[in-house]
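>
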Amino acid sequence: MRTNKGNMVLKVNSNIERMEYIPFGFNISSYNVINFNMNSRDVYKMVLVLEGEIELETQGRLIKLRRNQIEMINPSKTYVINPHEKNLVIELNVDKIIFSRASDSNEITNFCISENEFGDNIKALVELFKNLFYLYVKDNVVSSNMLVVVLNEISTILNSSFIQNNDDGIGSARPWLELKLMEIMERMYKKPGKYVLNELADEVGMKPSNFSNFFKRVSGCGFVDFHHYSRLEKSIALLSNNEYSISEIAELSGFSSSKALSESFKKYVGMTPLAVRKHITNNINKYKYMSLNSILSLKALEELFVEYSDVKLFSKADIDFMKEKIFDVNSNDESKAVAFRSGFSKVVDIDIYEGEWFDFYRDNSSNLKHEYMRINLCFEAGKIYLIKNIAEKEILNLYDINHYIQEFHRIGLNPMLVLEFPENAIEMIIENSFDLKCIGEIVDFFDFIASNVPMRNLKNWMVEIKMPALWSKRYEHDRHILNKKLYMLVRDLIISKSSIASVGVNIGEVSIIEDQVLMERMEEIVMNGNSPKFFSYDVIDETLYITRDDSECILLRIISQMDRMTKYINALNKKYFLDAEVYLARMIMYYDWNGIPKQYWESIQALSLVSSYLLFQMNKVIVCASFSFNKFFDSRKEFIKAIGNFDSKYTMNNIWDIKSLNYYIRMYLEQMSGLCIYNEPGLIVTRNKDDYSCILYQDMANCIKYISSDNGNNEFPVKNFRVRISGMAGRFKIITKTLKSSEGNFYCEFKKLGAQKFLTMEEKEYLKNRVIPEIRVENINLFGVFDKTFSLDLFEIMYLEIKKINI
Numbered sequence: 043m044r045t046n047k048g049n050m051v052l053k054v055n056s057n058i059e060r061m062e063y064i065p066f067g068f069n070i071s072s073y074n075v076i077n078f079n080m081n082s083r084d085v086y087k088m089v090l091v092l093e094g095e096i097e098l099e100t101q102g103r104l105i106k107l108r109r110n111q112i113e114m115i116n117p118s119k120t121y122v123i124n125p126h127e128k129n130l131v132i133e134l135n136v137d138k139i140i141f142s143r144a145s146d147s148n149e150i151t152n153f154c155i156s157e158n159e160f161g162d163n164i165k166a167l168v169e170l171f172k173n174l175f176y177l178y179v180k181d182n183v184v185s186s187n188m189l190v191v192v193l194n195e196i197s198t199i200l201n202s203s204f205i206q207n208n209d210d211g212i213g214s215a216r217p218w219l220e221l222k223l224m225e226i227m228e229r230m231y232k233k234p235g236k237y238v239l240n241e242l243a244d245e246v247g248m249k250p251s252n253f254s255n256f257f258k259r260v261s262g263c264g265f266v267d268f269h270h271y272s273r274l275e276k277s278i279a280l281l282s283n284n285e286y287s288i289s290e291i292a293e294l295s296g297f298s299s300s301k302a303l304s305e306s307f308k309k310y311v312g313m314t315p316l317a318v319r320k321h322i323t324n325n326i327n328k329y330k331y332m333s334l335n336s337i338l339s340l341k342a343l344e345e346l347f348v349e350y351s352d353v354k355l356f357s358k359a360d361i362d363f364m365k366e367k368i369f370d371v372n373s374n375d376e377s378k379a380v381a382f383r384s385g386f387s388k389v390v391d392i393d394i395y396e397g398e399w400f401d402f403y404r405d406n407s408s409n410l411k412h413e414y415m416r417i418n419l420c421f422e423a424g425k426i427y428l429i430k431n432i433a434e435k436e437i438l439n440l441y442d443i444n445h446y447i448q449e450f451h452r453i454g455l456n457p458m459l460v461l462e463f464p465e466n467a468i469e470m471i472i473e474n475s476f477d478l479k480c481i482g483e484i485v486d487f488f489d490f491i492a493s494n495v496p497m498r499n500l501k502n503w504m505v506e507i508k509m510p511a512l513w514s515k516r517y518e519h520d521r522h523i524l525n526k527k528l529y530m531l532v533r534d535l536i537i538s539k540s541s542i543a544s545v546g547v548n549i550g551e552v553s554i555i556e557d558q559v560l561m562e563r564m565e566e567i568v569m570n571g572n573s574p575k576f577f578s579y580d581v582i583d584e585t586l587y588i589t590r591d592d593s594e595c596i597l598l599r600i601i602s603q604m605d606r607m608t609k610y611i612n613a614l615n616k617k618y619f620l621d622a623e624v625y626l627a628r629m630i631m632y633y634d635w636n637g638i639p640k641q642y643w644e645s646i647q648a649l650s651l652v653s654s655y656l657l658f659q660m661n662k663v664i665v666c667a668s669f670s671f672n673k674f675f676d677s678r679k680e681f682i683k684a685i686g687n688f689d690s691k692y693t694m695n696n697i698w699d700i701k702s703l704n705y706y707i708r709m710y711l712e713q714m715s716g717l718c719i720y721n722e723p724g725l726i727v728t729r730n731k732d733d734y735s736c737i738l739y740q741d742m743a744n745c746i747k748y749i750s751s752d753n754g755n756n757e758f759p760v761k762n763f764r765v766r767i768s769g770m771a772g773r774f775k776i777i778t779k780t781l782k783s784s785e786g787n788f789y790c791e792f793k794k795l796g797a798q799k800f801l802t803m804e805e806k807e808y809l810k811n812r813v814i815p816e817i818r819v820e821n822i823n824l825f826g827v828f829d830k831t832f833s834l835d836l837f838e839i840m841y842l843e844i845k846k847i848n849i
């Protein structure tokens, strides 16, 4: 962004940026002279005036903005800011993916705020904007989750009320063409000069008339105007320096003469160049020479901060635990209802049980609605290994196979066998010219399964081939043909030996979607012959082994990659007439557990599970297994080597068959299928005919904030949740199940027993009884409205069932 001596643009720093990536940033600006600029292709810019008045021109609209008024500058659009009086402005720059709801990632959703009549929604946008700014600047312990919640609220309002009719047709253009045009536009701004429309059109291979139309659709203004804007901005910057004459400025700015410069100023600025120079000299921008801290101490900003805090950070008022939060639910309003589906835990990975899955499923396993258990096998050095957890493996023998088959049959789970071929195993098979003796163990394995599993059971089994090494590099043509041959050999062997028809593919890490050549190679390999029945991929948070400077966009990039992977699989289905599903096999993320007392870890996992469930419902992508690490590694190699360090890996369960919060919350979430009639932070409500299921949960960010602050011995301010559901009449059974949080969970009770490795039967029974949720049942008559207040403690979650009693 170019600024001249009359204008000031300061980037606002935040302590949050030192902890984790945040997909937005703030600038504080003050304009003393007209500013011509262009927005980035990947950023939405929201402008809020704190003091004074400015005139904003963008996409052919001329908007006057006064105090507490807001407007949007859309991606790639040109904009002009003309100050009418001394002003102070906050600019919010948000990555495009956060606000845009377009189905195609290349499309841009345009927003227009000022020309709409949604007064209440505009006020809500202003309030959310200010709240986000306050959290970003003043609150250095707030989590990114809280910030994303505010961003999502802004996005919801924008997409519901302020979408501008898109007649620009940008989405229909090829992405490379738009990128090329943006390069031209940036070149015109950075190096102002004499640019000719016909020459630029030839550069991109378009007719001049088509190029002119496309230019206007992308930039929001015509080529001629844009050409003037870029040169005017350069000339205004030069006018700030009295050493340059008007004729010199004209030449340096790309104008043919001082006369042409003056004519352009009169048309677009309304003043001569000399008058603009005099204005800059006589009207010094007082904010230009102030430090950021001084600007943040100005009255207008202090008033904003006071509005959202009691000045004392980390006080109870700052944490904003209200005495009562009211949720008004209209059970008859289905205008915003979403059909929630079960399947959140359709596939579960044996990894999350760390080898103790038989014991875990022995009791009451029917409450967990898993259809498939993902069993990870690895073929290496001529042997098949069972991967018991993320780092431990053991050789699989025929006795073990028979034992596992019987256990699966007994507990009613269908296996998903994941057969992984590391790179060294692939090289061995190819070097031995695909001799079947090299894979004799695999032949024997599937022969044994076919002989010991009834066909009626075997038809429900699935096999996932994990060979991403075949397409993770840009191999030469001859090697690519060998890779294709190897994949076909393994796939056809599995199908012929076992008669298992449902064979899928693990693509590898989601980042491969960034490389079109590798994706094309993968497609050539796996879509040859019997097409995969399903696909999976892995997500690894590169923050674990990449320094902060190199990993700035990782979180946003992962979200984008997951979205692109889903769209890619959908495109494959359409291309090959398939109905293949896709799921996320393994997610490994960084989380700063060290900053949080261990007694809360279990509760945080349970609350994270609620967030994962909502993401599942939003994106329809099943997450099979998720792991968190709390330390950084010097390299990816070191990370893979240390991945089995269980001191830094936190999983779902424990080895004593004692159900933790995660077990119960998974069970309750699985029962949340039906029509979701309400989903706001703190409450989810689904309806199935006359029955209702609700999840009430504390705000994790606020809870972490409370325990991270210096509250001394102050009692946690209990948060009351008042749930009002209208449209209910009759007699109902109310069942409340409260999950223990900081007290009474497995970890706390386990520590009370001394945290020894071995537990007696009596100690196990004691722990089981202590961590069972508190259950209350009552029958009530309702005459139109269910109205009840529930109290949730720190990190607490409550499951509520409202079942109609048919008399």
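For what it's worth, this note's numbering labels the leading residue of the sequence shown as 43, then goes sequentially. C-beta: ideal position from N, C-alpha, C; glycine also.
#1: Count Cβ pairs between the region 466-481 and the region 440-458 that sit closer than 8 Å; are there 3 or more?
#2: By Cβ distance, which residues of its chain are closer than 6 Å to residue 311, with the 5 residues on each side in sequence left out?
#3: When you compare each of 526, 515 and 574 to residue 558 by their alpha carbons, which one comes out closest?
#4: Does the separation of the CB atoms of residue 624 and residue 577 fall below 9 Å?
#5: What separation, rounded to the nearest whole angstrom, lies between the Cα atoms of residue 298 and residue 291?
#6: Where do the ends of the beta strand (DSSP E) carrying residue 167 lie?
#7: Quick check on the burial criterion: 16 or more other C-beta atoms within 10 angstroms. Buried or exposed for residue 462?
#8: Let me check one thing: in DSSP terms, what residues is residue 193 bridge-paired to?
#9: Return yes when the Cβ of residue 71 is within less than 9 Å of the Cβ of residue 870, no when it is not.
#10: Give me the residue from 562, 309, 155 and 140 with the minimum Cα distance to residue 107.
#11: Can you find the residues in the same chain that come closer than 8 Å, C-beta to C-beta, to residue 569, ignoring five residues on each side of it along the sequence?
#12: Count the other CB atoms, across all protein chains shown, that sit within 10 Å of the CB of residue 331; report buried if there are 16 or more and exposed otherwise.
#13: If you run the structure through DSSP and keep just helix, strand and coil, what is residue 315?
#14: Quick check on the burial criterion: 16 or more other C-beta atoms within 10 angstroms. Buried or exposed for residue 423?
#15: With distances taken between CB atoms, is the gap from residue 745 to residue 765 smaller than 9 Å?
#16: Note down, in chain order, each residue of its chain lying with its Cβ closer than 8 Å to the Cβ of residue 346, except the 5 sequence neighbours on either side.
#17: Use the C-beta contact count for residue 126: other C-beta atoms within 10 angstroms, 16 or more gives buried, fewer gives exposed.
#18: Using alpha carbons as the reference points, say which of 718, 599, 739 and 723 lies closest to residue 733.
#19: With DSSP as the reference, label residue 559 as helix, strand or coil.
#20: In chain order, which continuous runs of the alpha helix (DSSP H) of length 4 or greater are located wholly inside the region 265-323?
#21: Exposed or buried, which one is residue 716 when buried takes at least 16 other CB atoms within 10 Å?
#22: Roughly how many angstroms separate the alpha carbons of residue 626 and residue 120, rounded to a whole number?
#23: Residues bridged to residue 565 by DSSP?
#24: Quick one: what's got a C-beta closer than 8 Å to residue 55's C-beta in the same chain, skipping five residues either side?
#25: If you check the beta carbons only, do residue 776 and residue 727 fall under 9 Å apart?
#26: Residue 129: which of 702, 326 and 263 sits nearest, CA to CA?
#27: Going by beta carbon distance, what residues of the same chain come within less than 8 Å of residue 604, once the five residues before and after it are set aside?
#28: Distance check for residue 196 and residue 841, CA to CA, integer angstroms please.
#29: In whole angstroms, give me the CA-to-CA distance for residue 827 and residue 772.
#30: So the candidates are 349, 302 and 279; which of them puts its Cα closest to the Cα of residue 319?
#31: Would you decide whether residue 533 is buried or exposed? Buried here means 16 or more other CB atoms lie within 10 Å of its CB.
#32: Note down, in chain order, each residue of its chain lying with its Cβ closer than 8 Å to the Cβ of residue 314, except the 5 sequence neighbours on either side.
#33: Shortest alpha-carbon distance to residue 527 belongs to which of 472, 418 and 817?
#34: Hey, could you find the ends of the alpha helix (DSSP H) residue 539 is sitting in?
#35: Quick one: residues in its chain with C-beta nearer than 7 Å to the C-beta of residue 137, no 5 flanking neighbours on either side, listed in chain order?
#36: Rounded to the nearest angstrom, how far is the Cβ of residue 649 from that of residue 739, given a contact under 8 Å?
The structure says:
#1: Taking one beta carbon from each stretch, the region 466-481 and the region 440-458 have fewer than 3 pairs nearer than 8 Å; the two do not touch.
#2: Numbered from its first residue, the sequence shown carries residue 311 at position 269. Result list for residue 311: 76, in chain order.
#3: What you label residue 558 is simply residue 516 of the sequence shown in a count that begins at 1. Taking only the C-alpha atoms, the option nearest residue 558 is 515.
#4: Taking the first residue of the sequence shown as position 1, residue 624 is located at position 582. Taking the first residue of the sequence shown as position 1, residue 577 is located at position 535. Yes; because the gap between Cβ atoms is below 9 Å, this pair is in contact.
#5: For this step, residue 298 is matched to residue 256 along the sequence shown. For this step, residue 291 is matched to residue 249 along the sequence shown. When rounded, the distance between both Cα atoms is 11 Å.
#6: Along the sequence shown, one-based indexing puts residue 167 at 125. Taken as a continuous stretch (DSSP letters only), residue 167 belongs to no beta strand (DSSP E), being part of the alpha helix (DSSP H) at 161-180.
#7: Locating residue 462 in the sequence shown gives position 420, where the first residue counts as 1. So residue 462 counts as buried.
#8: The count along the sequence shown starts at 1 and reaches residue 193 at position 151. None; residue 193 has no bridge partner.
#9: No information on residue 870 is available, as it lies outside the stretch 43 to 849 that the chain covers here.
#10: For the purposes of this step, residue 107 is taken as the residue at position 65 of the sequence shown. The candidate whose alpha carbon is nearest that of residue 107 is 155.
#11: By one-based count along the sequence shown, residue 569 stands at place 527. The residues are 614 and 618.
#12: Residue numbering aside, residue 331 sits at position 289 when the sequence shown is read from its first letter. Classification for residue 331: exposed.
#13: Working through the sequence shown from its first residue, we reach residue 315 at position 273. Collapsing the DSSP output to three states places residue 315 in a helix.
#14: Counting from one through the sequence shown, the residue named residue 423 turns up at place 381. Exposed, since its Cβ has fewer than 16 Cβ neighbours within 10 Å.
#15: Mapped onto the sequence shown, residue 745 falls at position 703. Mapped onto the sequence shown, residue 765 falls at position 723. Result no, Cβ atoms of residue 745 and residue 765 do not sit closer than 9 Å.
#16: Here residue 346 is taken as the residue at index 304 of the sequence shown, counted from 1. Same-chain partners within the cutoff: 92, 172, 175 and 176.
#17: One-based indexing of the sequence shown puts residue 126 at position 84. Exposed is the call here.
#18: Position 691 of the sequence shown, counted from the first residue, corresponds to residue 733. Nearest C-alpha to residue 733 among 718, 599, 739 and 723: 718.
#19: To locate residue 559, count along the sequence shown from 1; it is residue 517. Of the three classes helix, strand and coil, the one that applies to residue 559 here is helix, per DSSP.
#20: 265-281, 288-295 and 300-310
#21: Along the sequence shown, one-based indexing puts residue 716 at 674. With 16 or more Cβ atoms within 10 Å of its Cβ, residue 716 is classed as buried.
#22: Here the question's residue 626 lines up with position 584 in the sequence shown. Here the question's residue 120 lines up with position 78 in the sequence shown. Their backbone Cα atoms lie some 40 Å apart in a straight line.
#23: The residue labelled residue 565 in the question sits at position 523 within the sequence shown. DSSP, once it has assigned bridges, lists no residue as partnering residue 565.
#24: For the purposes of this step, residue 55 is identified with residue 13 of the sequence shown, where counting begins at 1. For residue 55, where only same-chain residues beyond five positions count, the Cβ hits under 8 Å are 334.
#25: As a working note, residue 776 is residue 734 in the sequence shown. As a working note, residue 727 is residue 685 in the sequence shown. No, they are not a contact pair.
#26: Reading the sequence shown from its first residue, position 87 is the one you call residue 129. Nearest option by C-alpha distance: 326.
#27: The residue labelled residue 604 in the question sits at position 562 within the sequence shown. Counting only Cβ-Cβ distances below 8 Å, and skipping sequence neighbours, we find 552, 581, 626, 661 and 663.
#28: By 1-based counting over the sequence shown, the position of residue 841 is 799. By 1-based counting over the sequence shown, the position of residue 196 is 154. About 29 Å.
#29: Counted from its first residue, the sequence shown places residue 827 at position 785. Counted from its first residue, the sequence shown places residue 772 at position 730. Near 10 Å, if we compare the C-alpha coordinates of residue 772 and residue 827.
#30: By one-based count along the sequence shown, residue 319 stands at place 277. Checked all of 349, 302 and 279; the closest Cα to residue 319 is 279.
#31: The residue given as residue 533 occupies position 491 in the sequence shown. Label assigned to residue 533: buried.
#32: Within the sequence shown, numbered from 1, the residue matching residue 314 stands at position 272. Result list for residue 314: 304, 307 and 308, in chain order.
#33: Taking the sequence shown and counting its residues from 1, the one referred to as residue 527 is at position 485. Among 472, 418 and 817, the Cα nearest to that of residue 527 is on 472.
#34: Taking the first residue of the sequence shown as position 1, residue 539 is located at position 497. For residue 539, the enclosing alpha helix (DSSP H) starts and ends at 519-540.
#35: Translated into the one-based positions of the sequence shown, residue 137 becomes position 95. Excluding residues up to 5 positions away in sequence, 65, 66, 84, 85 and 598 lie with their Cβ nearer than 7 Å to the Cβ of residue 137 in the same chain.
#36: Working through the sequence shown from its first residue, we reach residue 649 at position 607. Working through the sequence shown from its first residue, we reach residue 739 at position 697. Distance from residue 649 to residue 739 at the Cβ level is roughly 6 Å; contact confirmed, criterion being Cβ atoms closer than 8 Å.
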